[in-house]
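For the sequence shown, the residue numbers in the working numbering are 7 to 347.
C-beta atoms are modelled at their ideal positions from N, C-alpha and C, and glycine is treated no differently.
Predicted model, so just to flag it, every value in this text is computed and none were measured.
Quick notes on the structure that follows.
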Amino acid sequence: MGHGGDWASLDPSTRSQQDLLDLSSSISPYGPGPKARALWPGLVDRLHRYPDWRKQELTEALANHLGIAANSILITAGAMEAIDLTLRTFRPQHAWVEVPAFSEYALRASVYGIDVRTWHHPSQPGPESGLWFLANPANPTGRVLTARECGQYQKRAMDSHNILVIDEAFIEFVDGWREWSSVREAAQSEYLVVMGSLTKYYGLAGLRVGFLVTHPGTIRKIAAHTIPWHVSLVAQEMAVASLKDQDYFDWTRIQLKQERARLKRMLESFGQVDEASQVNYLLFFPYCSVDELIKGLQKQGILVRDARNFKGIETPGVRIAVKKPKDSTRLVRALKNICPP
Ligand SMILES: Cc1ncc(COP(=O)(O)O)c(C=O)c1O
7 MGHGGDWASL
17 DPSTRSQQDL
27 LDLSSSISPY
37 GPGPKARALW
47 PGLVDRLHRY
57 PDWRKQELTE
67 ALANHLGIAA
77 NSILITAGAM
87 EAIDLTLRTF
97 RPQHAWVEVP
107 AFSEYALRAS
117 VYGIDVRTWH
127 HPSQPGPESG
137 LWFLANPANP
147 TGRVLTAREC
157 GQYQKRAMDS
167 HNILVIDEAF
177 IEFVDGWREW
187 SSVREAAQSE
197 YLVVMGSLTK
207 YYGLAGLRVG
217 FLVTHPGTIR
227 KIAAHTIPWH
237 VSLVAQEMAV
247 ASLKDQDYFD
257 WTRIQLKQER
267 ARLKRMLESF
277 GQVDEASQVN
287 YLLFFPYCSV
297 DELIKGLQKQ
307 GILVRDARNF
317 KGIETPGVRI
327 AVKKPKDSTR
337 LVRALKNICP
347 P
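What follows is the structure, encoded as structure tokens:
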């Protein structure tokens, strides 16, 4: 599996380490928030119930949070299901992916027999006919697209009658994220689909909650491909409680921003850090061998994401999640032995 967070594939001795530090998947170390935690023990008594198949309360809570109409939102089992449903519904001849990128756009497209093409901004010309995938912020660089760049892609997609998909799975980690998000435009457009996730910023990766936003007519078409009860009762309830905890999550955003700056400074003794990130991960190019670094860290119970299989990244590197200060300190202590400055 070419993803971070694959702790289950580790050999049992590493996996069972109490203090396994997973910096390979970029999930907030602070979530779930206090409201979701308070709800948790009582959920067991409600497991005999089916979830609300319409996901009404969560859709309303999200509409409120994003400042858009509820009928332009479809709740999904993670952004991953949003990617899959979009491809399944539109079935374009070609899927265009801006690289480097999350591998699943291409992998899911291949499952449906869709031809995948890539482009690298700005060195290669942009996409042509088909469904276009962009991530804002980008993975693994953490670069945020300006409103102007997004607007240009949106205009091009609309003028050429292609569908632009913007994956905003990490956008809430960005300071002033509402300014960079395209959800308001997507809610009214037949040519723009925005995907979001509650797994990263709200720390709910194990529950699988995400969403997509587009024109209500398109939402109905995409929703027709979902199976009933695809988002569990527990996932819906925990997501609603999390969305109501915004003061707490605003605090986590500040913590992670400060820690990103601190971790970046510390990593610079061991290699080069890509400057672009405005989120909770850093793309790091060590001065030592990436193989040695990954293996050495793993021996000490620390996982980082090998970034060598991201198409479009020429220098060998790793992606490292920003977690709590004690976690960065532990990482740097381990690096001193493996990759001395
Ligand atoms: C850019 C990007 N989009 C979407 C996803 C999938 O998110 P989710 O956990 O909500 O399915 C990931 C997971 O790593 C990702 O990196």
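Non-local C-beta neighbours of His71 in its own chain, meaning closer than 8 angstroms and more than five positions away in sequence, comprise Leu249, Gln252, ordered along the chain. With 16 or more neighbouring CB atoms inside 10 Å of its own CB, Arg259 falls in the buried class.
Leu170 sits close to Arg162, with the two beta carbons spaced by under 9 angstroms. Exclusion of the five residues before and after Lys342 leaves no residue of its chain whose Cβ lies closer than 8 angstroms to its Cβ.
In the structure shown, Trp183 adopts helical secondary structure according to DSSP, grouped into three states. Taking C-beta separations shorter than 8 angstroms and ignoring five residues to either side along the sequence, the partners of Gln284 in its chain run Pro143, Gly148, Arg149, Val150, Phe179, Val180, Asp181, following chain order. The way I'd put it, the stretch 57-69 does touch the stretch 77-96; three or more beta-carbon pairs between them come closer than 8 angstroms. No heavy atom of ligand 1 is found nearer than 8 angstroms to the CB of Val310.
The alpha carbon of Gly212 has as its nearest neighbour, out of Ser34, Asp17, Leu16, Asp25, the alpha carbon of Ser34. Judged by beta-carbon spacing, Gly48 lies beyond the 9 angstroms limit of Ser30, meaning their Cβ atoms are not closer than that value. Residue pairing by DSSP leaves Thr224 without any beta bridge partner.
Trp235 sits in coil when the DSSP states are folded into three classes, being neither helix nor strand. Shown here, Ile89 sits in a helix according to DSSP, grouped into three states.
Counting other Cβ atoms within 10 Å of its Cβ, Thr321 stays below 16 and is therefore classed as exposed. Rounded to the nearest angstrom, the Cβ distance from Leu289 to Ile344 is 18 angstroms, too far for a contact under 8 angstroms. The C-alpha of Val103 is placed about 9 angstroms away from the C-alpha of His126.
Scanning Glu191, Asp51, Asp28, Val246 for the CA closest to the CA of Lys41 turns up Val246. Residue pairing of Gln278 in beta bridges, as defined by DSSP: Phe291.
Here the stretch 216-234 makes no contact with the stretch 107-121; the two share fewer than three CB pairs at distances below 8 angstroms. Within the DSSP secondary-structure output, Ala101 pairs in a beta bridge with Val122, Leu137.
By the 16-neighbour rule on beta-carbons within 10 angstroms, Ala193 is buried.
Three or more pairs of CB atoms, one per stretch, sit closer than 8 angstroms, so the stretch 330-340 contacts the stretch 301-315. For Ile33, there is no enclosing beta strand (DSSP E), as DSSP marks it with neither H nor E. His100 places its beta carbon 9 angstroms or farther from that of Ile74. About 21 angstroms separates the beta carbons of Pro146 and Tyr36, which is beyond the 8 angstroms limit, so they are not a contact pair. The continuous alpha helix (DSSP H) containing Gly157 extends over residues 153-165. Around Lys61, the same chain offers Ile81, Val237, Gln242 as residues with beta carbons nearer than 7 angstroms, after the five sequence neighbours per side are excluded.
Contact check for Val296 against Asp312 passes: the beta carbons are separated by less than 9 angstroms. Just so you know, the alpha carbons of Gln158 and Leu26 end up roughly 43 angstroms apart. Just so you know, the alpha carbons of Ile89 and Val279 end up roughly 29 angstroms apart. With a cutoff of 9 angstroms on beta-carbon distance, Ile172 and Val215 are scored as not near each other.
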